[in-house]
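Working notes for the structure below.
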Amino acid sequence: MSSPAPREYHAPVWNEPVIMELSHAGRRGQLFPPPEKEVTALVGPPEELVPRAMRRNDMPALPELTEPEVQRHYLKLSQQTLGMVNISLFGTCTMKYNPRACEEAARQLRAVHPLQHEDTLQGILQIIHGFDLILRELSGMDQFIFQAGGGADAAYTHCVVTRAYHQSRGELEQRNEIVTSIQAHPCNAATAAAAGFKVVTLMLEKNGYPSIDALKAAVSNRTAALMIGNPDDMGIYNPDIKEWVRIVHDAGGLCFYDHANFNGVMGKLRARELGFDACMYMLHKTFGAPKGGGGPAVGAYGCTAALTPFLPGPVVVNEDGRYRLDERPLGAGKVREFHGNVPQILKAYGWARAMGAAGIDQASDLSVLANNYMDRKLAEIPGLNRSNPDNRQWRMEMTRWGLGKLKEDTGIGTVEVASRMADYGIDPWWMSHEPWVVPEPFTPEAGEMYSKEDIDSWIAVIARIVREAYETPELVKTAPHRQAIGKIKGEVLDEPARWAMTWRAFLRKHRR
Amino acid sequence: MKANEPPAHPWMANSTAAAKQEMLDAIGAKSIAELFEQIPADHRLRRPLNLPPALASEAELSRHLVQLLRRNRTSEDCLSFLGAGCWPHHVPAVVDEIVGRTEFLTPVWGSPQSDHGRNQAWFEFNSGLGELLDMEVVQLPVYSWGCAAGHAIRMASRLTGRHEVLVPRHGDPERLSVIRTYCEPREMPRHIEVVPVDSDPAGLLDLADLERKISRRTAAVYFENPSYLGMIETQGAAISAIAKAAGAQAIVGADPLSLGILKPPAQYGADIVVGPTQPLGVHMNAGGGVGGYIASRDEERYVREYNGFLVSITETERAGEYGFALASAHQTSYGMREAGKDWTGNSVYLWAIAAAVYMSLLGPQGFREIGELIIARSHYAGQRLAAINGLQLPFGSGFFKEFVVNFDATGLSVAEINRRLREQHAIFGGKDLSGELPELGQSALYCVTELHTAADIDRLVSSVTEVVS
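Residue numbers (my numbering), protein chains in the order written: chain P, 107 to 618; chain G, 145 to 613.
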């Protein structure tokens, strides 16, 4: 099999100024009409309506540009964004195609207000309920809500529901600990702490996950909940997970399944049958809604009937074909205003309907097949090590790899390789969440969208960069070379005297 | 394709039998099923998923979605006066074009080089908002205004080591609910007590009640301008001074669209400013357009307390070139897990780009014009409604965009009036306040923006006149 030659890509270089620098006094990008004559006749001049003490006396130093100037500026910036236009095998994110038919349909939600009367929202509520039913079937849970603004926010939602549940039993003060693992996404530990819990973190053992003994030692009558993902980012599935859930339940704690890594198991197993009380899915990644560089996002949170009274409201319910927003008297407080990112729910619903049961099952088949194919190919490249080398089983939908040997041999690690990848038109890879349990980590995930040739192209780029690292290491160390900008100087970013989070701060600190 | 093979799925390149076989051969596996060997048999679902029939063709899918969505009525089908945390504003077509660009719509993360354009757009969001707010540090937006207020209050609690926040009693129940969630229940060791402060008869914060309640326990005073009920808070400087005298932080929630005509909170003593990003070029999206900003002075002790992403301008290895990357990043939950500042993750960063484009299109003069148009038309609507028999404005004038209308003297409930407006006049009346603020009687919060013409308001007035008579 011949390996495709990496593309000699070059990003557009516009040297585009910051938009404030493009300003010309007096130019306009949008006009608004003056108030109508009858308006002014009744209320007087607008400036007189502002109490004197509250009138703005200075003009904000926003740029003054024509409409096409603004448009062209941002078109150039979009061109200087690689943004998944080529191949992005970015692990832990289950990156997918974002169907444009769903984007098109979502336009019809633009002018809908969340506080409209239910009679005027029946279409939206039916979609939310319909998608709730789909997720119930995928997970075995009894109810989903979509208020959380991302995966981390869904983890926070679980902490909030956990508080309300233990509070209703008078045990919240006592149950002040949440158990997680060092390989669980940092948001689990962070949201538990932000919700007021102590965090108990289990370390990984030889087989790639914490032992049952470690778990038993960690749980007690102080345990409020377990928050855990499975498989983890190594691509290793914890086969003891049912026993884990039993142990935590016996101690009186709740069990939350972080399904960020759903691609490998969707259609294959359900949180409910493993014993979990709750789980979450990322609609902006796993269910085909676009990620937007970081949202608008949705963390769909589902739970069993035992927890539904504690869900933050409102919950969409179906009463004989009429849909209604239901508030829960015991419900936890809201985690975000309104009903969630409704367009993203619509897009996820559309994705799931287009995939169907067989399509979803096939997507997990293809994800796992593609990852193991990629594993085999990566293993042929020198300097790379697969995590947990003693584990010879097929991995799930992604695998944690490391460049420890490459770093020892050449001084080049995962950050430098990531920077160089973009020179070949490939999005820099996902390395690992903190802490790095594998030296110089990277975590590719092929998913079901990319073709075998895409994967081959991606691997050919990695092989090329590794060869460069051994033969011409300076080329990689000084990368990128073919991007919109050169390598950034990072030292400014942690120096209070020099960092500048706004143009005005930059002018004050650097242009005086 | 072999006979009897189902068609390949349009979104899955490797769904052909040939591609699967090629990869299986390459790895030496007999079947895909064996690749799932890690999952014990008793963990597996033993039946196929039972989902609604697949809509595999785009034509079927689009038709289905559109049919469902037609069951809604929108604020374009009807004349709507709903606001309260999500407002109808004009979104320039260029904003929609830019946020619809695939490069901005779909990226996952990238690096400061590979996604330089997006990072620059993010910095321009910070910079534009910094000009409107007269503040030097702006974070990428969090999920919503309520979440921004929650994080800011937690910042203030960490900065002061205190565990109490004073908030207006007449606050948005949606935002207050989120704030209470963020402040944690009493059982938690870092619980922050949320203490409501009364309003005075003009709808402004009752300074005497504030003075009574503030103490050395108070971490922050949080108030909004304009207030939830639309009133322009004229005592901003006095409130900030009272907070400072007690050693507390002054946190102000401000609608950025008001800042072309209203004084930015930094100019009357605010330490941290939060607010909604949806008014800056984001469609209402049934509430899915919301987002929240957080801003402060450029002082290290504030910067080190931010929970999310701070994008700084920096230099590159090439002389004279800008780059943009995350500053003070280690303090986030990505860097420090449970020891980080609250948590962060995916939020509404695409809307930061929308807001950057919007602020650039409007410029200083556009913000002045839209502010004047909104304040004039909302007062026109208020005065016209107040002239209807049985209606009054309990807080008089001096508001921006939203105002309370009381219907007590009509003998009708807001629910009934709104039902008649909706069913007989294709009008969505203002938000019913009677459940959340019973002391205001049968009152509604009306929202009037640059989209409501004098003719629209005249239509509202004649319809309301008809339904209450």
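A virtual CB, placed ideally from N, CA and C, is assigned to each residue, including glycine.
Please read these numbers as outputs of a predicted model, since none were measured by experiment.
Mind checking residue i: buried by the 16 CB within 10 Å criterion, or exposed?
{"i": "Arg459 (chain P)", "result": "buried"}
{"i": "Val521 (chain P)", "result": "exposed"}
{"i": "Trp487 (chain G)", "result": "buried"}
{"i": "Arg617 (chain P)", "result": "exposed"}
{"i": "Met107 (chain P)", "result": "At Met107 (chain P) the pLDDT is 48, less than 50, meaning the model places this residue with poor confidence and gives no usable figure here."}
{"i": "Met375 (chain G)", "result": "buried"}
{"i": "His445 (chain P)", "result": "buried"}
{"i": "Met160 (chain P)", "result": "buried"}
{"i": "Pro292 (chain P)", "result": "buried"}
{"i": "Glu377 (chain G)", "result": "buried"}
{"i": "Pro420 (chain P)", "result": "buried"}
{"i": "Leu452 (chain P)", "result": "buried"}
{"i": "Asp496 (chain P)", "result": "exposed"}
Taking 8 Å as the limit between beta carbons, can you name the residues of its chain near residue i, skipping five residues before and five after?
{"i": "Glu311 (chain P)", "result": "Ser317, Ala320"}
{"i": "Glu153 (chain P)", "result": "Arg161"}
Going by DSSP, what residues sit across from residue i in a beta bridge?
{"i": "Val238 (chain G)", "result": "Bridge partners of Val238 (chain G): none, in fact."}
{"i": "Ile395 (chain G)", "result": "G:Tyr366, G:Ile416"}
{"i": "Ser514 (chain G)", "result": "Just to set this straight, residue 514 (chain G) is Ile in the shown sequence, not Ser. Ile514 (chain G) pairs with nothing; no bridge assigned."}
{"i": "Lys575 (chain G)", "result": "G:Leu589"}
{"i": "Gly381 (chain P)", "result": "Answer is none; Gly381 (chain P) lacks a bridge partner."}
{"i": "Cys409 (chain P)", "result": "P:Gln249, P:Ala384"}
{"i": "Pro550 (chain P)", "result": "P:Phe196"}
{"i": "Ala270 (chain P)", "result": "Answer is none; Ala270 (chain P) lacks a bridge partner."}
{"i": "Val341 (chain G)", "result": "G:Pro312"}
{"i": "Phe468 (chain G)", "result": "G:Ile457"}
{"i": "Leu332 (chain P)", "result": "P:Val285, P:Cys361"}
For residue i, which residues in the same chain have their Cβ closer than 6 Å to its Cβ, ignoring the five residues on either side in sequence?
{"i": "Ser587 (chain G)", "result": "Val548, Asn550, Leu577"}
{"i": "Ala469 (chain P)", "result": "Glu554"}
{"i": "Glu546 (chain G)", "result": "Gly227, Gly374, Leu589, Cys591"}
{"i": "Gly305 (chain G)", "result": "none"}
{"i": "Asn447 (chain P)", "result": "Pro402, Val404"}
{"i": "Val572 (chain P)", "result": "Ile487, Gly489"}
{"i": "Val492 (chain G)", "result": "Pro285, Gly435"}
{"i": "Pro420 (chain G)", "result": "Trp289"}
Straight-line CA distance for residue i to residue j?
{"i": "Gly452 (chain G)", "j": "Asp432 (chain P)", "result": "32 Å"}
{"i": "Gly531 (chain P)", "j": "Gly479 (chain G)", "result": "28 Å"}
{"i": "Tyr479 (chain P)", "j": "Met340 (chain P)", "result": "15 Å"}
{"i": "Glu328 (chain G)", "j": "Pro423 (chain G)", "result": "29 Å"}
{"i": "Arg360 (chain G)", "j": "Ala390 (chain G)", "result": "6 Å"}
{"i": "Leu320 (chain G)", "j": "Lys174 (chain G)", "result": "58 Å"}
{"i": "Asp552 (chain G)", "j": "Leu517 (chain G)", "result": "30 Å"}
{"i": "Ala147 (chain P)", "j": "Gly526 (chain G)", "result": "14 Å"}
{"i": "Ala293 (chain G)", "j": "Pro141 (chain P)", "result": "33 Å"}
{"i": "Ala559 (chain G)", "j": "Thr187 (chain P)", "result": "49 Å"}
{"i": "Ala217 (chain P)", "j": "Val426 (chain G)", "result": "10 Å"}
{"i": "Gln214 (chain P)", "j": "Ile342 (chain P)", "result": "42 Å"}
For a contact defined as C-beta to C-beta under 7 Å, what are the partners of residue i on chain G?
{"i": "Pro157 (chain P)", "result": "Ile376, Thr378, Gly542"}
{"i": "Lys583 (chain P)", "result": "Per Cβ cutoff of 7 Å: no residues; Lys583 (chain P) is ~11 Å from chain G at best."}
{"i": "Ala606 (chain P)", "result": "Ser456, Ile457"}
{"i": "Ile125 (chain P)", "result": "Glu268, Ser504"}
Could you work out which residues of chain P lie near residue i, taking near to mean beta carbons separated by less than 8 Å?
{"i": "Tyr478 (chain G)", "result": "Pro292, His539, Glu540"}
{"i": "His307 (chain G)", "result": "Those do not exist, as His307 (chain G) stays about 12 Å from chain P at its closest Cβ, beyond 8 Å."}
Leaving out the 5 sequence neighbours to the left and right, which residues in its chain are closer than 7 Å to residue i when beta-carbon positions are compared?
{"i": "His272 (chain P)", "result": "Leu278, Arg281, Ala330"}
{"i": "Glu280 (chain G)", "result": "Gly274, Arg441, Asp442"}
Taking Cβ-Cβ distances shorter than 7 Å, what residues in chain P pair up with residue i?
{"i": "Glu328 (chain G)", "result": "Ala301, Gly302"}
{"i": "Pro196 (chain G)", "result": "Arg459"}
{"i": "Gln509 (chain G)", "result": "Arg134"}
{"i": "Leu199 (chain G)", "result": "Arg459, Ala460"}
At 9 Å on the CB atoms, spell out the chain P contacts of residue i, in chain order.
{"i": "Ile514 (chain G)", "result": "Gln136, Phe138"}
Name, please, each residue of chain G whose Cβ falls closer than 8 Å to the Cβ of residue i.
{"i": "Lys580 (chain P)", "result": "A small correction: the amino acid at residue 580 (chain P) is Glu; Lys does not occupy that position in the sequence shown. Residues of chain G passing the Cβ test: none, with the nearest at roughly 13 Å."}
{"i": "Glu210 (chain P)", "result": "Ser206"}
{"i": "Ile591 (chain P)", "result": "Pro256, Gln257, His260, Thr460, Arg462, Glu465, Tyr466, Gly467"}
{"i": "Ala324 (chain P)", "result": "Result: empty, since nearest Cβ-Cβ is about 15 Å, beyond 8 Å."}
Show which residues of chain A have a CB atom less than 9 Å away from the CB atom of residue i.
{"i": "Leu424 (chain G)", "result": "This model lacks chain A altogether; the protein chains it does include are P and G."}
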